Amino acid sequence: MRWALVKVCVAVTTMVVVAFAVPLGLVIKEMARDRAFSNAEREAAAIAPALSITTDRDELEKVVASAGPGDAMAVHIPAGEGTKAVDIGSGRAPAKDIATTRRLGRASMAEVPGGSALLQPTALSSGDIAVVEVYVPESEVSNGVATAWAVLAAVGVALVVGSVAVADRLGVRMVQPAQRLVEGAHELGEGRLAARVPEEGPTELRLAAVAFNSMADQVVQLLANERELAADLSHRLRTPLTVLRLNAASLGDGPAAEQTRAAVAQLEREVDTIIRTAREAKPQTAAAGPGAGCDAAEVVRERMEFWSALAEDEGRKWRVAGVDRPVRTPVAWADLAAALDALLGNVFRHTPEGTAFAVDVHNGEDAVIVLVSDAGPGILDPQAAMARGRGSGSAGSTGLGLDIVRRLAESTGGDVRIGSSVLGGTEVRIWFQLDGRAPVRRGHRVRRRRALVSAFNRPRSLP
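Using this note's numbering, the first residue of the sequence shown is number 78, and each one after it goes up by one.
Right under this line is the structure:
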């Protein structure tokens with residue numbers, strides 16, 4: 078915007094300068110020409126009184142010498158009765174032009190080498206017509222024109238430079254508030270909720286800054302209300318959790334009772350974590366830095382210890398692969414565990430008892446892939462399943478589980494895909510992009526991803 082305004086001002090000012098300076102320069106040139114010929118006419122008029130009195134050569138030479146420079150004026154007297162034609166001074170005009178002026182009886186101009194000649198007819202006492210010739214050099218005709226044109230050019234350049242300076246200042250006055258508005262929007266988008274924009278500049282941008290600051294205040298208020306609502310809703314779960322904990326304590330001994338009590342204790346911890354997180358005013362806006370993360374293999378092993386007991390109760394066959402060695406993943410332990418619980422919970426919730434499932438982990442050069450697959454009926458509309466709040470179409474599904482998984486993968490630059498598994502049911506593929514790795518060419522990355530996908534699509538047997 079700033080440079081566009083400068084260019085417009087330069088173009089407009091240049092057109093105005095040209096529109097006024099060129100005609101004015103031509104007028105100055107014409108005025109200099111008129112001045113030069115007016116001076117020549119005055120010099121020629123100074124000879125007329127002497128010619129009306131005498132035609133004596135000696136007297137006329139004195140008059141011509143006193144009227145102007147000797148080489149700039151000439152007098153042409155025609156021959157009369159008993160007299161010869163007399164030419165006084167340095168004549169330059171052609172004889173035919175002199176004869177034409179004498180015949181017509183009016184002044185005329187004749188082009189001569191180095192300039193022009195003014196031919197002025199004058200009546201003699203004898204009744205004949207003499208012609209006074211005054212030489213006007215070209216330098217006198219253009220005297221002062223170059224200086225005037227130089228002054229006009231300097232004034233034009235000064236006007237253009239001045240308009241550029243003014244336009245630049247106006248552009249800065251308009252661009253700076255816009256830049257501050259853009260910076261404020263970026264800061265707010267990055268999670269810096271205290272970002273505000275100075276309410277200054279042109280009226281339109283000032284109103285935009287006011288609207289932006291009002292929007293930012295509303296965003297802060299909405300986030301605060303959301304945190305309070307989440308904390309309040311989570312706090313309401315304490316009462317039924319207390320009842321569950323008391324009932325679990327009365328179950329006695331046994332594997333099922335221990336698993337129930339462990340699940341209730343874990344649920345209480347998760348509720349406490351949700352309340353504390355909701356009360357915090359510092360939202361998570363950036364991915365974990367280098368060195369942060371967890372061991373995906375350890376997380377899978379730990380969560381499968383929990384889900385394997387339920388799988389045995391329901392007669393489900395299951396398999397885990399790729400967890401025999403550490404697999405560093407750039408996400409927090411609790412987040413990855415929550416994502417796995419969401420996917421495995423969907424398997425148990427939306428497939429019949431006895432349906433087999435598998436969890437595979439693969440550690441690639443630039444990514445970690447976790448696959449959760451089952452032998453169930455599959456998902457008819459994967460896009461609808463990925464949409465928040467729509468779920469897979471089954472009763473009791475909110476869709477939040479897959480949304481949690483998606484946001485976790487996208488926080489690392491990865492993604493989530495839903496497809497058909499080799500077991501005949503649904504396959505959810507989580508792609509975690511690794512941090513701190515050398516950049517991979519796009520073609521190589523595509524080939525690498527295809528290789529990983531084909532490796533996971535090979536048939537595997539369940540125990």
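Glycine residues also receive a C-beta, built at the ideal position from the N, C-alpha and C atoms. Everything numeric in this text was worked out from a predicted model, so none of it was measured.
Inter-residue Cα distance where the pair is residue i and residue j
i           : j           : result
residue 428 : residue 483 : 21 Å
residue 421 : residue 384 : 8 Å
residue 219 : residue 195 : 16 Å
residue 212 : residue 91  : 40 Å
residue 193 : residue 154 : 20 Å
residue 258 : residue 266 : 12 Å
residue 475 : residue 288 : Caution applies to residue 475, whose pLDDT of 48 falls short of 50 and renders its modelled position unreliable; the model cannot decide the point.
residue 303 : residue 492 : 27 Å
residue 340 : residue 437 : 24 Å
residue 442 : residue 490 : 15 Å
residue 351 : residue 305 : 11 Å
residue 117 : residue 210 : 9 Å
residue 280 : residue 248 : 14 Å
residue 377 : residue 408 : 13 Å
residue 152 : residue 112 : 22 Å
residue 272 : residue 255 : 15 Å
residue 425 : residue 479 : 15 Å
residue 282 : residue 89  : 25 Å
residue 164 : residue 103 : 37 Å
residue 460 : residue 433 : 24 Å
residue 382 : residue 324 : 24 Å
Burial state of residue i (16 or more Cβ within 10 Å)
i           : result
residue 456 : buried
residue 423 : buried
residue 115 : exposed
residue 197 : buried
residue 149 : buried
residue 435 : buried
residue 204 : exposed
residue 188 : exposed
residue 319 : exposed
residue 293 : buried
residue 392 : exposed
residue 99  : exposed
residue 399 : buried
residue 120 : buried
residue 520 : Any reading at residue 520 is ruled out, since the residue's pLDDT is 46, under 50, leaving its predicted position unreliable.
residue 208 : buried
residue 140 : buried
As assigned by DSSP and simplified to three states, the class of residue i
i           : result
residue 92  : helix
residue 396 : strand
residue 270 : coil
residue 188 : strand
residue 413 : helix
residue 579 : Because the chain here runs from 78 to 540, residue 579 falls outside it and cannot be looked at.
residue 402 : coil
residue 109 : helix
residue 85  : helix
residue 496 : strand
residue 299 : helix
residue 248 : helix
residue 338 : helix
residue 210 : strand
residue 131 : coil
residue 365 : Here the model assigns residue 365 a pLDDT of 45, short of 50, so the residue's position is not dependable and the matter cannot be decided.
residue 488 : coil
residue 535 : Bear in mind that a pLDDT of 49 at residue 535, under 50, signals an unreliable position, so the model cannot answer this.
residue 506 : strand
residue 195 : strand
Same chain only: Cβ atoms within 7 Å of residue i, ignoring 5 sequence neighbours per side
i           : result
residue 361 : With a pLDDT of only 44 at residue 361, under the threshold of 50, the placement of this residue in the model should not be trusted; the figure read from the coordinates follows. None.
residue 406 : 370, 371, 373, 413, 445, 509
residue 402 : 374
residue 415 : 481
residue 222 : 105, 106, 109
residue 498 : 450, 451, 504
residue 321 : 341
residue 244 : 82, 83, 86
Beta-carbon proximity list for residue i, same chain, < 6 Å, skipping 5 on both sides
i           : result
residue 502 : 451, 452, 453, 455
residue 97  : none
residue 314 : 348
residue 388 : 395
residue 125 : 199
residue 506 : 448, 494
residue 345 : 318
residue 225 : 105
Own chain residues within Cβ distance below 8 Å of residue i, not counting five before or after
i           : result
residue 328 : 334, 337, 338
residue 84  : none
At least three beta-carbon pairs within less than 8 Å, the region 165 to 183 to the region 229 to 246: With the cut-off at 8 Å, the region 165 to 183 and the region 229 to 246 do not touch.
Would you check if the region 127 to 141 and the region 234 to 243 touch, i.e. whether three or more CB-CB distances between them fall below 8 Å? No: fewer than three Cβ pairs fall under 8 Å.
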